[in-house]
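K.L.:
Numbering (the numbering used here), first residue to last: 4 to 158.
(1) Would you check if the distance between the CB atom of residue 155 and the CB atom of residue 124 is smaller than 8 Å?
(2) With burial defined as no fewer than 16 other Cβ atoms inside 10 Å of the residue's Cβ, what is the status of residue 130: buried or exposed?
(3) Where does the unbroken beta strand (DSSP E) through residue 158 begin, and where does it stop?
(4) Given a cut-off of 8 Å, decide if residue 87 and residue 138 are closer than it, judged by their beta-carbon atoms.
(5) Along the chain, where does the beta strand (DSSP E) containing residue 82 start, and where does it finish?
(6) Once the 5 residues before and after residue 164 are set aside, which same chain residues still bring their CB inside 7 Å of it?
(7) Take the Cβ of residue 56 as the centre, count every other Cβ of all protein chains shown within 10 Å, and call the residue buried at 16 or more, exposed below.
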């Protein structure tokens, strides 16, 4: 029963993000050059936060704060928090199909940890949680995490 609920929530979340309208995001695993396009499409405020091992490019709107984690010129992770989820179809790019397949696979693939549902594919990990009006999540490609960067740093 618990696994079924997690699976149903993952499928429902996937459907919500599929119909989300903005389609211009920096794509996970791709060059970070589209961040300005994201800012314009979302009509948001842009802020760059340099760190020792990576740069965080943050776009904030009244509904959503989106952080894109960049090392070199590649987006290796994204995190969000807000009143609505981002469009995962655009955000995950070529990894969306893998995420979708993993979310509908064996119930053990999607589990809750501290209020988060974790879906792990062979190349991408997506964690989502919260409740309507207050959602949060992150997605990352473990093989692209720079040396010294842990998943806990992606918030």
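We put the beta carbon where it would ideally sit given N, CA and C, even for glycine.
Predicted, not measured: the structure shown is a model, and the values here were computed from it.
P.N.:
Reading from the atomic positions:
(1) Result no, Cβ atoms of residue 155 and residue 124 do not sit closer than 8 Å.
(2) Per the 10 Å Cβ criterion, buried.
(3) In the DSSP assignment, residue 158 falls outside any beta strand (DSSP E) and carries neither an H nor an E.
(4) For residue 138 and residue 87, yes; Cβs fall inside 8 Å.
(5) Unbroken beta strand (DSSP E) run through residue 82: 77–85.
(6) With the chain represented from 4 up to 158, any question about residue 164 goes unanswered, as that position is not in the structure.
(7) Flag for residue 56 reads exposed.
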